[in-house]
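Enquirer: Sharing a structure with you now.
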DNA sequence: CATCGTCTCGCATGATTGTGCGATACCGCG
DNA sequence: CGCGGTATCGCACAATCATGCGAGACGATG
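Protein chains in written order, with my numbering: chain W, 1 to 221; chain D, 1 to 221.
Structure, rendered in structure tokens:
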């Protein structure tokens, strides 16, 4: 690879101004990269895309997943639409696995911890630009598990859900209320309530909609 | 984490005898690992599983993907069946992406190049045992792309849903409450309530779970 | 037999929903 | 200029839900 190649054009979208400037400077400090613009929200960046020549379009976008206004997930889809060749790197804090998974399904090519050392961030941008992916190993694992489940419809018990819990979950995904479930299973309302409570804990959600959503998205039943 | 914890029991399955012994020795050289057995083919290893106490079962299997007899892919399925908790690391040469993808769909948790330094192999085993995954970035990228393709559905039936309604539905499928949606959209709680009410009518449901379920099942978004 | 996980049931309270019944305002269209 | 569709906002009340706390019964497992 030539050392005189044009540097990669990178955009950074991150709402915390101080942090954004730090990272932008770090990116540009690498001779192989140039942070040609940075924004505090997707909307601004998307508006800018239309105003510039294609030769100025970014090749990589580093995108905070937790932005005000348009979410990172929607942002990915929007960018992918107007810049089909762009590579998108997520920028996020730890413990946000579900959103990261959704983002990956939306087309992100990598995942970066905000707490990463700057040199790792630079390395990740280059990795992604060269056709690789940059993912934290625990996220990678969840991606693999998800894929394994999609690849093999074989019902694998997930999240340690009990038979009873799965049955109740099934009712929930049909839109039933606790009361209806109790009568369908011929048990007490309180019992159903307890089971749902345990389901919430195992699935890390705290609403019916969250449980239903996770169940259907991850093919838990 | 204790330094006196029992070492991880690792099996190695690889048909090239010299290389197998080298790697086995390297694995056991780490105090955290112990290569308790190594085989030249899956069949032998599978037979051994039945003959031993569960406490001697391996926690991680490092498996060559290109084996004589039973293929690595079949091997993964067989091991996963008789040792549900086992973690499987693929061991392979470069340029074998398609088979690696198949293997991942079969349940492998990681991927290792035979040309990797021994210290990386040890690290990968530990990574996988602790719930992570170990994947080369180019494989990771193909996995991500595959997932993105699966995640992107097709043209869909609508129910005459408005743009606003679809947006609110999206929030609902993320498990958000009305209050959260209102603040995310920067509007009144009552407005959100009204929209949801209209969504219910259009989708013929009367609970959040019903709406979420219908949305995800029929790929409404 | 002691412990653990599961299923069962209960109560109480505050938060959230579902729904009926309004109202104002903007916009496109005939 | 009316009219329909959409988006906005409001109130009120019953139903439902989320969650903390507690507890008895049963089977499996060590």
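For glycine and all other residues, C-beta sits at the position ideal for the given N, C-alpha and C.
Taking 8 Å as the CB-CB cut-off, is residue 207 of chain W touching chain D?
Expert: Taking the first residue of the first chain as 1, we reach residue 207 of chain W at position 207. By this cut-off, residue 207 of chain W is an interface position.
Enquirer: Measure the C-alpha to C-alpha separation of residue 100 of chain D and residue 113 of chain W and round it to an integer number of angstroms.
Expert: Here residue 100 of chain D is taken as the residue at index 100 of the second chain, counted from 1. Here residue 113 of chain W is taken as the residue at index 113 of the first chain, counted from 1. Going by the C-alpha atoms only, they are around 27 Å apart.
Enquirer: Could you name the residues of the same chain whose beta carbon sits closer than 8 Å to that of residue 11 of chain D, not counting the 5 residues immediately before and after it, in chain order?
Expert: Counting from 1 along the second chain, the entry for residue 11 of chain D is found at position 11. Excluding sequence neighbours, residue 11 of chain D sits near 35, 36, 37, 38, 39, 45, 58, 60, 61 and 62.
Enquirer: Alpha carbon to alpha carbon, what distance is there between residue 8 of chain W and residue 31 of chain W?
Expert: Within the first chain, residue 31 of chain W is the residue found at index 31, counting from 1. Within the first chain, residue 8 of chain W is the residue found at index 8, counting from 1. Going from the Cα of residue 31 of chain W to the Cα of residue 8 of chain W covers about 9 Å.
Enquirer: Against residue 165 of chain D, what residues of chain W qualify as contacts under a CB-to-CB distance less than 7 Å, listed in chain order?
Expert: Position 165 of the second chain, counted from the first residue, corresponds to residue 165 of chain D. Annotation: residue 165 of chain D has no Cβ neighbours in chain W at a cutoff of 7 Å; minimum Cβ distance is about 15 Å.
Enquirer: In whole angstroms, what is the alpha-carbon distance linking residue 19 of chain D and residue 88 of chain W?
Expert: One-based indexing of the second chain puts residue 19 of chain D at position 19. One-based indexing of the first chain puts residue 88 of chain W at position 88. Whole-angstrom Cα-Cα distance: 39 Å.
Enquirer: Using only the alpha-carbon positions, how far apart do residue 216 of chain W and residue 197 of chain W sit?
Expert: Here residue 216 of chain W corresponds to residue number 216 of the first chain, with the count starting at 1. Here residue 197 of chain W corresponds to residue number 197 of the first chain, with the count starting at 1. Between residue 216 of chain W and residue 197 of chain W, the C-alpha separation is close to 18 Å.
Enquirer: Roughly how far, in whole angstroms, is the beta-carbon of residue 193 of chain D from the beta-carbon of residue 170 of chain D, given that I think they are within contact range, below 8 Å?
Expert: As a first step, residue 193 of chain D must be located in the second chain, where it is residue number 193. As a first step, residue 170 of chain D must be located in the second chain, where it is residue number 170. With 8 Å as the limit, residue 193 of chain D and residue 170 of chain D do not qualify as a contact, their Cβ atoms being about 17 Å apart.
Enquirer: Would the stretch 126-135 of chain W and the stretch 130-150 of chain D be scored as touching if the rule is three or more Cβ pairs under 8 Å?
Expert: yes
Enquirer: Here's the rule: buried if 16 or more other CB atoms are within 10 angstroms of the residue's CB, otherwise exposed. What is residue 154 of chain W?
Expert: As a working note, residue 154 of chain W is residue 154 in the first chain. Here the model assigns residue 154 of chain W a pLDDT of 41, short of 50, so the residue's position is not dependable, and the following value carries that caveat. By the 10 Å Cβ count, residue 154 of chain W comes out exposed.
Enquirer: To the nearest angstrom, how far is the alpha carbon of residue 82 of chain W from that of residue 53 of chain W?
Expert: For the purposes of this step, residue 82 of chain W is taken as the residue at position 82 of the first chain. For the purposes of this step, residue 53 of chain W is taken as the residue at position 53 of the first chain. Residue 82 of chain W and residue 53 of chain W: Cα-Cα distance of roughly 13 Å.
Enquirer: Which stretch, first to last residue, makes up the beta strand (DSSP E) that contains residue 37 of chain D?
Expert: Translated into positions along the second chain, residue 37 of chain D becomes position 37. Here the beta strand (DSSP E) through residue 37 of chain D covers 33-39.
Enquirer: Which residues in the same chain have their Cβ closer than 6 Å to the Cβ of residue 122 of chain D, if we skip the five residues on either side of it in sequence?
Expert: Residue mapping note: residue 122 of chain D aligns to position 122 of the second chain, counting from 1. Counting only Cβ-Cβ distances below 6 Å, and skipping sequence neighbours, we find 30.
Enquirer: In its own chain, which residues sit with a C-beta less than 8 Å from the C-beta of residue 43 of chain D, not counting the 5 before and 5 after it?
Expert: Counting from one through the second chain, the residue named residue 43 of chain D turns up at place 43. If the five residues before and after residue 43 of chain D are omitted, its C-beta is found closer than 8 Å to the C-beta atoms of 69 and 70, all from its own chain and listed in chain order.
Enquirer: Determine the DSSP secondary structure at residue 126 of chain D, reduced to helix, strand or coil.
Expert: Working through the second chain from its first residue, we reach residue 126 of chain D at position 126. Of the three classes helix, strand and coil, the one that applies to residue 126 of chain D here is helix, per DSSP.
Enquirer: Compute the distance between the beta-carbons of residue 213 of chain D and residue 212 of chain W, then report whether it is under 8 Å.
Expert: Here residue 213 of chain D refers to the residue found at position 213 when the second chain is read from its first residue. Here residue 212 of chain W refers to the residue found at position 212 when the first chain is read from its first residue. Their beta carbons are under 8 Å apart, which means residue 213 of chain D touches residue 212 of chain W by this criterion.
Enquirer: Within its chain, find whatever has a CB closer than 6 Å to the CB of residue 27 of chain D; leave out the 5 residues flanking it on each side and keep chain order.
Expert: The residue labelled residue 27 of chain D in the question sits at position 27 within the second chain. Counting only Cβ-Cβ distances below 6 Å, and skipping sequence neighbours, we find 10, 33 and 35.
Enquirer: Would you mind sorting residue 224 of chain D into buried or exposed? The rule is 16 or more other CB atoms within 10 Å of its CB.
Expert: What is shown of chain D runs 1 to 221, which leaves residue 224 of chain D out entirely.
Enquirer: Using a 10 Å radius around the Cβ and a threshold of 16 neighbouring Cβ atoms, would you call residue 93 of chain W buried or exposed?
Expert: For this step, residue 93 of chain W is matched to residue 93 along the first chain. The residue in question, residue 93 of chain W, is exposed, as its Cβ has fewer than 16 Cβ neighbours within 10 Å.
Enquirer: Please determine, among D:183, D:207, D:140 and D:167, the residue with the shortest C-alpha to C-alpha distance to residue 220 of chain D.
Expert: Stepping through the second chain from its first residue, residue 220 of chain D is reached at position 220. It is D:167.
Enquirer: Of all the CB atoms in chain W, is at least one closer than 8 Å to the CB of residue 155 of chain D?
Expert: Numbered from 1 along the second chain, position 155 holds the residue referred to as residue 155 of chain D. Only weak support is given to the placement of residue 155 of chain D: the predicted model assigns it a pLDDT of 42, under 50, and the question is left unresolved by the model.
Enquirer: The ligand COA and residue 175 of chain D: does the residue's C-beta get closer than 7 Å to at least one heavy atom of that ligand?
Expert: Because no ligand of any kind appears in the structure shown, any question about the ligand COA cannot be addressed here.
Enquirer: For residue 200 of chain W, which three-state DSSP category applies?
Expert: Here residue 200 of chain W corresponds to residue number 200 of the first chain, with the count starting at 1. Helix at residue 200 of chain W.
Enquirer: Do residue 146 of chain D and residue 104 of chain W have their C-beta atoms closer together than 8 Å?
Expert: Sequence index remark: in the second chain, residue 146 of chain D carries index 146 (1-based). Sequence index remark: in the first chain, residue 104 of chain W carries index 104 (1-based). In this structure, residue 104 of chain W does not lie closer than 8 Å to residue 146 of chain D by Cβ.
Enquirer: Quick one, which of D:78, D:73 and D:201 has its alpha-carbon nearest residue 162 of chain D's?
Expert: Within the second chain, the letter at position 162 stands for residue 162 of chain D. Here the closest residue by C-alpha is D:201.
Enquirer: Does DSSP classify residue 102 of chain W as helix, strand or coil?
Expert: Along the first chain, read from residue 1 onward, the residue named residue 102 of chain W stands at position 102. Here residue 102 of chain W sits in helix by DSSP.
Enquirer: Run through chain D and tell me which residues come within less than 7 Å of residue 174 of chain W, C-beta to C-beta.
Expert: Position 174 of the first chain, counted from the start, is the residue given in the question as residue 174 of chain W. Per Cβ cutoff of 7 Å: 213.
Enquirer: Going along the chain, which residues of its own chain have a beta-carbon closer than 7 Å to the beta-carbon of residue 159 of chain D, five neighbours each way excluded?
Expert: Stepping through the second chain from its first residue, residue 159 of chain D is reached at position 159. These residues qualify, in order along the chain: 202 and 203.
Enquirer: Taking a contact to mean a Cβ-Cβ separation below 8 Å, would you say residue 73 of chain W touches residue 102 of chain W in this structure?
Expert: The sequence position of residue 73 of chain W within the first chain is 73, counting from 1. The sequence position of residue 102 of chain W within the first chain is 102, counting from 1. For residue 73 of chain W and residue 102 of chain W, yes; Cβs fall inside 8 Å.
Enquirer: If you draw a straight line from the C-alpha of residue 207 of chain W to the C-alpha of residue 165 of chain D, how long is it?
Expert: The count along the first chain starts at 1 and reaches residue 207 of chain W at position 207. The count along the second chain starts at 1 and reaches residue 165 of chain D at position 165. The straight-line gap from Cα to Cα measures roughly 20 Å.
Enquirer: Could you tell me which chain D residues have their CB closer than 8 Å to the CB of residue 177 of chain W, listed as they occur along the chain?
Expert: The residue labelled residue 177 of chain W in the question sits at position 177 within the first chain. Under the 8 Å cutoff, chain D gives 207.
Enquirer: Please state whether DSSP places residue 212 of chain W in a helix, a strand or coil.
Expert: On the first chain, position 212 is the one that residue 212 of chain W refers to. Helix, per DSSP.
Enquirer: Cβ closer than 9 Å: which chain W residues qualify as neighbours of residue 75 of chain D?
Expert: The residue labelled residue 75 of chain D in the question sits at position 75 within the second chain. Result: empty, since nearest Cβ-Cβ is about 15 Å, beyond 9 Å.
Enquirer: Residue range of the beta strand (DSSP E) that residue 9 of chain D falls in?
Expert: Looking up residue 9 of chain D in the second chain gives position 9. Its beta strand (DSSP E) spans residues 8-13.
Enquirer: Please classify residue 189 of chain W: is it buried, with 16 or more other beta-carbons within 10 angstroms of its beta-carbon, or exposed?
Expert: The sequence position of residue 189 of chain W within the first chain is 189, counting from 1. Looking at its Cβ environment, which holds fewer than 16 other Cβ atoms inside 10 Å, residue 189 of chain W is exposed.
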